[in-house]
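Numbering (our numbering), first residue to last: 143 to 348.
Even for Gly, the Cβ is constructed at its ideal location relative to N, Cα and C.
Below is one structure, written out as structure tokens; comments come after it.
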């Protein structure tokens, strides 16, 4: 049976196998576009070259073409160069719409809890509750439902491990949190205590 016929029976294959096959069949331009979309964050030319299976020069040429194509499309998306590489994100004109749709869903307390998780680079739920108070339980539930936080069980602990998701990086356009924001939080930090402002603003990057 040929690979083409095998892929037709999608249920027989892992999703990663199908995605890899489809990437092989794409043009380099479409492949770079797909990678930027699927990753949901800025990628360097070297990183794109590795994922696309080509050299840096080919990636640079493809990015120039892709940026030009998006510039001439009637699209809400654009390919832009950032400090850490290139990303596919929402155009500036549409960002206020995204903020009006998403931002009201997060209360001040939930935003502070989200900032604490992000600045810690990941934290156990037990430590977070000690840091933010018992109200953090409900806030974590909200953040997980909104897709900003991932919650998973640890093998050797009763507490869950919490960390921010790709959606967090996309929405707040944060590629890497500055090292100087690695804070020494007080164990008795109350729910209404101020947290440092992230060096980023909500953008609704896709």
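The straight-line gap separating the alpha-carbon atoms of residue 197 and residue 179 is approximately 20 Å. Shown here, residue 214 sits in coil according to DSSP, grouped into three states, outside any helix or strand. Per the coordinates, the alpha-carbon of residue 255 lies some 15 Å from the alpha-carbon of residue 314. Judged by beta-carbon spacing, residue 271 lies beyond the 8 Å limit of residue 260, meaning their Cβ atoms are not closer than that value. Within its own chain, the residues whose Cβ lies closer than 8 Å to the Cβ of residue 187, once the five positions on either side in sequence are excluded, are 198, 201, 202, 205, 227, 228, listed in chain order. Residue 310 has its alpha-carbon roughly 18 Å from the corresponding atom of residue 234. In the DSSP assignment, residue 231 falls within the beta strand (DSSP E) that extends over 227-232. Residue burial annotation: residue 257 is buried, with at least 16 other C-beta atoms found within 10 angstroms of its C-beta. Note on residue 287: under 16 other CB atoms within 10 angstroms of its CB, so exposed under the neighbour-count rule. Residue 307 is bridged by DSSP to nothing; it lacks a bridge partner. With a 10 Å radius around the Cβ and a threshold of 16 neighbouring Cβ atoms, residue 274 comes out buried.
By the C-beta density criterion, residue 192 is exposed, having fewer than 16 other C-beta atoms within 10 angstroms.
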